[in-house]
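Reading the sequence shown from the start, the letters are residues 0 to 404 in numbering that gives the first Met the number 0. Ideal placement from N, C-alpha and C gives every residue a C-beta, glycine not left out. Owing to the predicted nature of the structure, the values given are computational and were not obtained by experimental measurement.
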Amino acid sequence: MLPPYRPEPYVDFTQEGPRSNMLDAIGCVSKQLGRTYPLRIGGKEITTDQKIASICPAARDQVVGMVSKASADQAGEAIVTAYEAFKMWSHFDPEGRARILFKAAAIMRRRVYELSAWMCFEVSKSWIEAYADVCETIDFLDFYGREMMRLAGGHPTTPFEGEENEVRYMPLGVVVVIPPWNFPLAICAGMTTAAIVTGNTVVLKPASTAPVIAAKFAEIMVEAGLPDGVLNFLPGSGSEVGDVLVNHPKTRLIAFTGSKDVGLEVFKKAAVVHPGQIWLKRTILEMGGKDCIVVDQTADLDEAAKGIVAAAFGFQGQKCSACSRLIAHTSIYEELLAKVAEGAQALSIGHTASAENVFMGAVIDESAYHKINDYIKIGKSEGRTVLADGSVPDNGFFIPPTIIA
0 MLPPYRPEPY VDFTQEGPRS NMLDAIGCVS KQLGRTYPLR IGGKEITTDQ
50 KIASICPAAR DQVVGMVSKA SADQAGEAIV TAYEAFKMWS HFDPEGRARI
100 LFKAAAIMRR RVYELSAWMC FEVSKSWIEA YADVCETIDF LDFYGREMMR
150 LAGGHPTTPF EGEENEVRYM PLGVVVVIPP WNFPLAICAG MTTAAIVTGN
200 TVVLKPASTA PVIAAKFAEI MVEAGLPDGV LNFLPGSGSE VGDVLVNHPK
250 TRLIAFTGSK DVGLEVFKKA AVVHPGQIWL KRTILEMGGK DCIVVDQTAD
300 LDEAAKGIVA AAFGFQGQKC SACSRLIAHT SIYEELLAKV AEGAQALSIG
350 HTASAENVFM GAVIDESAYH KINDYIKIGK SEGRTVLADG SVPDNGFFIP
400 PTIIA
């Protein structure tokens, strides 16, 4: 009998216990930087000549890991391998599939600080953002496992006289999972395990800027007892590997989280029926947005300002839920703006894989660094600069909090 589902609790890093655990994990992970990670196709671990270098955004000379880079031929092999494994996995006991997720969740609970530290190095998440990412992953595993057990078997439909009907949920087939870099464990694992626990097999193409934490996830699923071929780990370029995965006639569904431009391209390509394809492909596409916070004249401005600063600058604003725009009633506009600027100016910035437990790290890579700075220049030319050009470390892709009115 399973206990009731409960979300994984966070810790308080101002307390000595969690702080000490995190520092130990950072020290442990720092000794593992620069290692090489293979592809996983079926039961094979494949080390390729070409590699994807995962670079720490907060220290440009620090290599987090070298991850094998798949070719187009290997992408095709991964799809065929997943297709063959589907014949077994789709008939695997649903409770047995769920139990594998529960075991993976237990492994992550034991390694929560280590996995958090990997994210501090690879994507420059703050301690609490990284820890929350792991907690969310555990929540996905626990919740999806319980849901699969609930959904297994037949379910009644609307009764109709003279008929006995029931609904049964069927696995689809091979699912291509293309996750983003900003939640490199939670979204990656969430999309992947939802497909796996429902009886589908997966080819996972992780984000090229966060492949190491995805490799750690693949290792954990193997440790949890996932059979060969159910999860195939395939880092590679979008133009070479991504197109093969999306276009392959044995691909049944594509789950993508990322930019609107790439998502629309996936949607367009998935609509094409290729020779040998006997179905219409399905897609699950989560694309970017620009969120705003609206504050009216009845609000507690101190509390509003705290929430705005956290939403705008947490994880450097690199989340679909981040506050990109603030809309405030004219009667409280200037007062609220001043409070937000004061809060943002007080934020600590630096390498998150350090003893300081800073609030903000670096943005993900050089491309993002230049793109954001270009938009800041446009903003300065079109609006009133309230906060900008603060002091930041010069050895990474750091951008100070910026507010333009």
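How many Å lie between Pro-234 and Val-339 at the Cα?
Position 235 of the sequence shown, counting from 1, holds the residue named residue 234. Position 340 of the sequence shown, counting from 1, holds the residue named residue 339. Going by the C-alpha atoms only, they are around 40 Å apart.
Nearest-angstrom beta carbon gap, Ser-123 and Ala-57 [assumed within contact, 8 Å]:
Reading the sequence shown from its first residue, position 58 is the one you call residue 57. Reading the sequence shown from its first residue, position 124 is the one you call residue 123. Taking the Cβ atoms as the reference, Ala-57 lies roughly 5 Å from Ser-123, within the contact range of under 8 Å.
Okay, do the stretch 114 to 121 and the stretch 24 to 38 touch, 3+ Cβ pairs below 8 Å being the bar?
The answer is yes - the stretch 24 to 38 touches the stretch 114 to 121, with three or more Cβ pairs under 8 Å.
For Val-272, which of helix, strand or coil comes out of DSSP?
Within the sequence shown, the letter at position 273 stands for residue 272. Looking at Val-272 - three-state DSSP - the assignment turns out to be coil, as it is neither helix nor strand.
Distance between Leu-171 and Gly-75 (C-alpha atoms, nearest Å):
The residue given as residue 75 occupies position 76 in the sequence shown. The residue given as residue 171 occupies position 172 in the sequence shown. If you draw a straight line from the Cα of Gly-75 to the Cα of Leu-171, it comes to about 19 Å.
Please state whether DSSP places Thr-80 in a helix, a strand or coil.
The residue given as residue 80 occupies position 81 in the sequence shown. DSSP places Thr-80 in helix when its eight states are reduced to three.
Can you tell me the Cβ-Cβ gap for Ile-253 and Val-175, rounded? I've got them flagged as a contact below 8 Å.
For the purposes of this step, residue 253 is taken as the residue at position 254 of the sequence shown. For the purposes of this step, residue 175 is taken as the residue at position 176 of the sequence shown. Indeed they touch by this definition, with Cβ atoms about 5 Å apart.
Taking Cβ to Cβ, would you say Phe-255 is nearer than 8 Å to Ile-177?
As a working mapping, residue 255 is identified with position 256 in the sequence shown. As a working mapping, residue 177 is identified with position 178 in the sequence shown. In this structure, Ile-177 lies closer than 8 Å to Phe-255 by Cβ.
According to DSSP, residues forming a beta bridge with Ile-54
Mapped onto the sequence shown, residue 54 falls at position 55. In DSSP, Ile-54 forms a bridge with Val-62.
Determine whether the beta carbon atoms of Cys-322 and Ile-292 lie at a separation below 8 Å.
Residue mapping note: residue 322 aligns to position 323 of the sequence shown, counting from 1. Residue mapping note: residue 292 aligns to position 293 of the sequence shown, counting from 1. For Cys-322 and Ile-292, yes; Cβs fall inside 8 Å.
Per DSSP, Ser-67 forms a beta bridge with which residues?
Counting from one through the sequence shown, the residue named residue 67 turns up at place 68. Lys-50.
Could you tell me if the beta carbon of Ser-380 falls within a distance shorter than 7 Å of some heavy atom in the ligand MG?
Judged by which ligands are present, the structure shown has none, so any question about the ligand MG falls away.
The alpha helix (DSSP H) spanning Arg-108 covers which residue range?
Position 109 of the sequence shown holds residue 108. Start and end: 93 to 109.
Ile-283, enclosing alpha helix (DSSP H) - first and last residue
Looking up residue 283 in the sequence shown gives position 284. Per DSSP, Ile-283 belongs to no alpha helix (DSSP H); it is in the beta strand (DSSP E), 281 to 286.
Going by CA-CA distance only, name the one from Asp-242, Asp-290, Gly-287 and Asp-260 that's closest to Val-271.
To locate residue 271, count along the sequence shown from 1; it is residue 272. The residue with the shortest Cα to Cα distance from Val-271 is Asp-242.
Alpha-carbon to alpha-carbon, Glu-165 and Gly-153:
Taking the sequence shown and counting its residues from 1, the one referred to as residue 153 is at position 154. Taking the sequence shown and counting its residues from 1, the one referred to as residue 165 is at position 166. Using only the alpha carbons, I get a separation of about 6 Å.
Determine the closest residue to Leu-150 out of Arg-167, Ile-137, Thr-136 and Phe-139, with distance taken between C-alpha atoms.
Position 151 of the sequence shown, counted from the start, is the residue given in the question as residue 150. Of the listed residues, the one whose Cα sits closest to Leu-150 is Arg-167.
In the DSSP assignment, find the alpha helix (DSSP H) that holds Ile-127 and state where it starts and stops.
For the purposes of this step, residue 127 is identified with residue 128 of the sequence shown, where counting begins at 1. Run containing Ile-127: 126 to 150, per the alpha helix (DSSP H) assignment.
Could you check the C-alpha separation between Phe-159 and Trp-180 for me, to the nearest Å?
As a first step, residue 159 must be located in the sequence shown, where it is residue number 160. As a first step, residue 180 must be located in the sequence shown, where it is residue number 181. In this structure, the alpha-carbon of Phe-159 lies about 49 Å from that of Trp-180.
Limits of the alpha helix (DSSP H) - the one that Phe-336 falls within
Translated into the one-based positions of the sequence shown, residue 336 becomes position 337. Residue identity differs from the one stated: residue 336 is Leu in this sequence, not Phe. For Leu-336, the enclosing alpha helix (DSSP H) has its first and last residue at 332 to 344.
With a cut-off of 8 Å on the beta carbons, I'd call Ala-81 and Val-173 a contact; round off their distance for me.
Taking the first residue of the sequence shown as position 1, residue 81 is located at position 82. Taking the first residue of the sequence shown as position 1, residue 173 is located at position 174. Contact between Ala-81 and Val-173 holds, since their C-beta atoms are separated by about 5 Å, short of 8 Å.
Same chain only: Cβ atoms within 8 Å of Phe-266, ignoring 5 sequence neighbours per side:
As a first step, residue 266 must be located in the sequence shown, where it is residue number 267. Contacts found: Thr-282 and Leu-284.
What separation, rounded to the nearest whole angstrom, lies between the Cα atoms of Pro-141 and Ile-219?
Within the sequence shown, residue 141 is the residue found at index 142, counting from 1. Within the sequence shown, residue 219 is the residue found at index 220, counting from 1. It should be noted that the sequence gives Asp, not Pro, for residue 141. Distance between the alpha carbons of Asp-141 and Ile-219: 15 Å.
Apply the 10 Å Cβ neighbour rule to Leu-279 and answer buried if 16 or more other Cβ atoms are within range, or exposed otherwise.
In the sequence shown, the residue the question calls residue 279 occupies position 280. It counts as exposed.
C-alpha distance - Ala-327 paired with Val-294, whole-angstrom precision:
Translated into the one-based positions of the sequence shown, residue 327 becomes position 328. Translated into the one-based positions of the sequence shown, residue 294 becomes position 295. Approximately 5 Å, taken between the alpha carbons.
Taking 8 Å as the threshold (C-beta atoms), are Gly-228 and Thr-200 in contact?
Against the sequence shown, residue 200 aligns to sequence position 201. Against the sequence shown, residue 228 aligns to sequence position 229. Taking 8 Å as the cut-off, the beta carbon of Thr-200 is found closer than this to the beta carbon of Gly-228.
Is Arg-167 helix, strand or coil by DSSP?
For the purposes of this step, residue 167 is taken as the residue at position 168 of the sequence shown. Coil, per DSSP.
Considering just the uninterrupted stretch of the beta strand (DSSP E) at Val-229, what are its terminal residues?
In the sequence shown, residue 229 corresponds to position 230, counting from 1. Following the DSSP letters along the chain, one finds Val-229 in no beta strand (DSSP E), marked with neither H nor E.
Return the chain-ordered list of same chain residues with a C-beta closer than 8 Å to the C-beta of Ile-106, the five sequence neighbours on each side being excluded.
In the sequence shown, the residue the question calls residue 106 occupies position 107. Excluding residues within five positions, the ones whose Cβ falls inside 8 Å are Ile-219, Glu-222 and Ala-223.
Which partner residues does Leu-252 have in the DSSP bridge list?
The sequence position of residue 252 within the sequence shown is 253, counting from 1. Under the DSSP definition of a beta bridge, Leu-252 partners with Val-174 and Arg-281.
Once the 5 residues before and after Pro-6 are set aside, which same chain residues still bring their CB inside 7 Å of it?
Position 7 of the sequence shown, counting from 1, holds the residue named residue 6. Excluding sequence positions up to five before and after Pro-6, its CB lies within less than 7 Å of the CB of Asp-138, all in the same chain and listed in chain order.
Taking DSSP's pairing of strands, which residues face Met-359 in a bridge?
Position 360 of the sequence shown, counted from the first residue, corresponds to residue 359. Bridge partners of Met-359: Ile-348.
Is there a C-beta anywhere in chain B that falls below 8 Å from the one on Gln-49?
Checking the listed chains, one finds no chain B in this structure; it contains a single protein chain.
Starting from Lys-43 and walking both ways along the beta strand (DSSP E), at which residues does that stretch end?
As a working note, residue 43 is residue 44 in the sequence shown. Element bounds for Lys-43: 43 to 45.
Determine the closest residue to Leu-230 out of Pro-37, Gly-41, Tyr-4 and Arg-18, with distance taken between C-alpha atoms.
Within the sequence shown, numbered from 1, the residue matching residue 230 stands at position 231. Leu-230 has its Cα closest to that of Gly-41, out of Pro-37, Gly-41, Tyr-4 and Arg-18.
If I follow the unbroken alpha helix (DSSP H) through Ser-89, where does it start and stop?
As a working mapping, residue 89 is identified with position 90 in the sequence shown. First-last for Ser-89: undefined, no H or E at that position.
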